[in-house]
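So the sequence lines, in the order shown, correspond to chains A and B. Residue numbering for the first sequence follows our numbering, beginning at 1 and increasing consecutively. Residue numbering for the second sequence follows our numbering, beginning at 353 and increasing consecutively. We put the beta carbon where it would ideally sit given N, CA and C, even for glycine. What follows is a short report on a single structure.
Protein chains: 2
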Amino acid sequence: MKQPKQYSKVTMRDVAAAAGCSTMTVSRALQKDGRVSEKTRKRILKTVKELGYVPDMTAGSLSSMRSGFIALLLPSLNNQHLAEMVHALTDELAKADLQLLIGHTDYLSSKEERLIEMMMRRRPEALVICYDGHTEQAMKLLKSVSVPVIELWEDPDAPIQHTVGFSNFKAAYAMTEALIARGYQAIGFIGEACDDGTRAGARRKGFQAAMTDAGLDAGRVIQHDVMPISIEGAKQACEELLDSFPEIDCIFCVSDPAAFGALSLLQEREIAVPDAIGLCGFGNFEISRFTHPPISTVGVDATVVGRKAAELILRIRNEDNEGEAGDGGQQMSEHLRLKPELMFRRSLKPQP
Amino acid sequence: MKQPKQYSKVTMRDVAAAAGCSTMTVSRALQKDGRVSEKTRKRILKTVKELGYVPDMTAGSLSSMRSGFIALLLPSLNNQHLAEMVHALTDELAKADLQLLIGHTDYLSSKEERLIEMMMRRRPEALVICYDGHTEQAMKLLKSVSVPVIELWEDPDAPIQHTVGFSNFKAAYAMTEALIARGYQAIGFIGEACDDGTRAGARRKGFQAAMTDAGLDAGRVIQHDVMPISIEGAKQACEELLDSFPEIDCIFCVSDPAAFGALSLLQEREIAVPDAIGLCGFGNFEISRFTHPPISTVGVDATVVGRKAAELILRIRNEDNEGEAGDGGQQMSEHLRLKPELMFRRSLKPQP
DNA sequence: TTGTAAGCGTTATCAC
DNA sequence: GTGATAACGCTTACAA
């Protein structure tokens with residue numbers, strides 16, 4: 001039989017031959033807990049180096065039924081939060097020799113289904129996904145999938161299985177309450193279009209609920225771009241907002257980049273922040289600390305999300321190993337809730 | 353034999369049995385160019401759906417000797433440029449059913465070697481890497497690796513193999529010349545520490561060469577953080593720069609986020625930009641268009657880098673398939689050079 | 001167009 | 001502690 005292309009010249013068999021032992025012994029010598037005599041192991045590791053042997057995990061995975069992959073579905077990579085989270089997740093998982101397979105949906109649920117299938121072909125040991133409104137078909141897929149599913153960045157009403165996140169609704173509600181407590185009444189909101197079932201939508205609804213509950217007008221809302229809103233889009237939205245509701249005394253933005261765009265317009269129009277209008281974002285991105293004035297925001301630690309998700313994955317994985325029998329599959333699920341922090345900076349007037 | 357865990361219940365064998373054919377026929381029916389009668393294919397696809405069969409690419413890869421992976425080594429994901437590039441790369445590669453394996457080095461060359469090994473275990477069909485000064489050991493590894501290597505974001509003096517990028521030195525040189533042409537003389541530079549052999553270092557050297565060549569003082573340089581410089585770090589660097597060289601009339605920053613940090617300080621000190629001091633970044637990040645004033649910068653299209661890299665990969669891959677014999681391996685290499693664009697905005701005074 | 005047989009490179013299992 | 005053997009689920013090569 002002729003194969004089209006050689007992966008690599010050296011196989012475990014070659015190492016075994018050179019070291020004068022069987023492939024099983026080589027395999028054991030390279031495992032973490034392989035029971036091999038110290039002498040043999042040394043000899044094998046030396047041979048491995050000499051031959052420049054690099055194990056083939058494709059073969060290993062197939063044989064051991066463990067791919068070593070964790071699939072991660074993101075809306076986008078171009079987002080400081082998500083990038084930080086990926087960073088933390090990668091590093092934590094690497095400690096357990098797990099590797100991320102990353103896919104992005106571009107905030108399009110249509111892409112999600114295709115992506116889930118693609119990922120499942122690699123037989124990941126867990127599926128991590130940013131909550132953002134799945135299609136019915138995708139939900140079905142996710143629920144039918146035979147690996148643990150972990151949703152991030154939200155504390156959903158109807159979780160698929162495990163979750164690590166916080167209630168975007170409650171966080172936005174709390175921030176809105178705080179704005180009101182500072183004396184703002186005619187608060188506007190800059191958000192995204194088509195935000196049903198998404199974190200952005202939850203934030204908008206949190207804002208509106210808090211306004212309504214306080215007896216204030218919850219109607220000063222501009223939903224501009226389809227997700228994600230760009231700085232430019234937010235700038236335009238801000239313009240619309242000011243033109244439609246000249247009485248506005250504060251603007252709450254669905255994200256920090258959106259707030260940055262809004263600030264850009266306010267500066268252009270020479271509207272003083274916070275003296276004429278207060279401003280507030282969501283996410284605590286780095287830039288918000290360095291604008292003039294710095295932008296108030298809702299802070300969540302993306303690194304913590306990533307780390308907690310990794311810990312959860314490892315925990316689940318170990319449990320699975322213990323309950324080896326592969327019995328019915330206990331339908332336990334963990335829900336880690338983070339607490340976002342309201343961060344007040346000079347873009348808002350101080351509490352009276 | 354008992355395996356510890358079942359990947360998935362349904363295998364190709366099951367599909368074959370249910371469809372009343374051999375696994376080979378199922379395999380063919382699922383391939384792009386599989387020669388199967390339309391009737392059989394339909395029957396098989398129907399069975400696939402009914403059983404919820406998801407092919408196991410681990411097995412497929414092992415058998416076909418094609419992993420379907422492209423390894424990508426990044427310094428960081430938390431960078432708008434790199435995120436955009438990953439985005440484009442992912443999408444283009446997906447068209448050819450290739451998937452990215454992403455690793456990040458945190459700008460630490462020590463991590464690079466470990467990472468290369470990890471990646472090679474998955475038998476990627478190409479290795480894509482952001483140029484940023486490899487250690488000798490890593491260079492050796494990269495040169496010995498039996499897959500095509502593509503370096504991005506630089507046009508290096510001593511490329512490993514293929515490259516897609518531009519000369520950071522020349523780009524910074526050109527921008528510095530332009531600054532001088534605008535009448536700036538006491539130009540300062542905010543860069544990163546330990547930038548030897550990196551793109552940041554090339555930019556700094558380009559700046560210094562242009563200054564020296566113009567008979568100006570190239571010594572007004574502050575190298576602050578180890579890479580990557582943060583907004584905060586740049587802000588501090590700007591402070592040092594102003595304190596050390598009060599005569600400065602313009603500041604060139606190694607990146608746009610650095611320029612953003614510098615601007616933050618200038619605003620805090622109420623130093624007018626560009627009237628008192630000009631400002632310039634590198635990279636054309638989105639934020640630079642929305643500051644006040646907008647920041648001049650050197651623009652490169654990250655999406656193009658990603659797309660060109662993908663095209664290159666596919667081209668190489670096809671060539672490999674044609675020259676099937678696996679003969680000596682023609683040592684061809686392609687070098688795609690992009691042209692950065694100098695983008696002048698209101699942070700610099702106009703050309704006299 | 002379809003099927004048969006033989007691996008791909010590793011690890012699980014069980015015997016020694 | 002070590003080895004022989006049989007998978008893992010798929011595709012290549014070749015035969016029909």
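Query, Result
"Is the Cβ of G233(A) closer than 8 Å to any Cβ of chain B?", "no"
"Confirm, please, whether the CB-CB distance from A524(B) to G658(B) is below 8 Å.", "no"
"Mind pulling the chain B residues with CB within less than 8 Å of N78(A)?", "Q432, A435, E436 and H439"
"Is I639(B) close to chain A, meaning its C-beta is less than 8 Å from at least one C-beta of that chain?", "yes"
"Look up G103(A) in the DSSP assignment and say whether it is helix, strand or coil.", "strand"
"Just to confirm my understanding: we take H274(A), look at its own chain, exclude 5 residues before and 5 after, and list those with CB closer than 6 Å. What are they?", "Checking the sequence, you will find Pro at residue 274(A) rather than His. The answer, listed in chain order, is S347, L348 and K349."
"Cβ closer than 7 Å: which chain B residues qualify as neighbours of P55(A)?", "R473"
"Please return the same chain residues whose Cβ sits closer than 8 Å to the Cβ of I150(A), not counting the five positions on each side in sequence.", "A126, L127, V128, I129, Q161, H162, T163, V164, A309, L312 and I313"
"Using a Cβ-based criterion (distance less than 7 Å to any ligand heavy atom), does M343(A) qualify as near the ligand FMN?", "Summarising the ligand content, the structure contains no ligands, and the ligand FMN is consequently not present."
"In whole angstroms, give me the CA-to-CA distance for G201(A) and D408(B).", "37 Å"
"Under 8 Å between beta-carbons, which chain B residues line up against H292(A)? List them in chain order, please.", "S616, Q619 and E620"
"Under 8 Å, Cβ to Cβ, is there at least one residue of chain A near L445(B)?", "no"
"Q513(B) touches chain A at which residues, Cβ-Cβ below 9 Å?", "Those do not exist, as Q513(B) stays about 17 Å from chain A at its closest Cβ, beyond 9 Å."
"Closer than 8 Å, CB to CB, is G613(B) near chain A or not?", "yes"
"Would you decide whether N318(A) is buried or exposed? Buried here means 16 or more other CB atoms lie within 10 Å of its CB.", "exposed"
"Excluding five sequence neighbours on each side, which residues of the same chain lie with their C-beta closer than 6 Å to the C-beta of S353(A)?", "Given that chain A is displayed from residue 1 to residue 352, the structure contains no residue 353(A) and the question cannot be resolved."
"Count the other C-beta atoms from every protein chain shown that fall within 10 angstroms of the C-beta of G20(A), then say buried if there are 16 or more, exposed otherwise.", "exposed"
"For I454(B), would you say it is in contact with chain A, using Cβ-to-Cβ distances shorter than 8 Å as the test?", "yes"
"According to DSSP, A193(A) sits in a beta bridge with which residue or residues?", "V226(A)"
"With a threshold of 8 Å between beta carbons, is A411(B) in contact with chain A?", "yes"
"Leaving out the 5 sequence neighbours to the left and right, which residues in its chain are closer than 7 Å to G133(A) when beta-carbon positions are compared?", "S109, D196, G197 and T198"
"Cβ of L426(B) less than 8 Å from any chain A Cβ?", "no"
"Can you give the Cα-Cα distance for K391(B) and M471(B), rounded to whole angstroms?", "41 Å"
"Quick one: grab the DSSP three-state call for P4(A).", "Legend: pLDDT at P4(A) = 42, less than 50; position of this residue unreliable, no value from coordinates given."
"Can you tell me whether V226(A) is buried or exposed? The criterion is at least 16 other CB atoms within 10 Å of its CB, across all chains shown.", "exposed"
"Roughly how many angstroms separate the alpha carbons of K495(B) and T105(A), rounded to a whole number?", "35 Å"
"Please list, in chain order, the chain A residues whose beta carbon lies closer than 8 Å to that of E469(B).", "V54"
"Counting only C-beta atoms, is S607(B) closer than 8 Å to chain A at any point?", "no"
"How long is the line joining the alpha carbons of L504(B) and V438(B), rounded to whole angstroms?", "12 Å"
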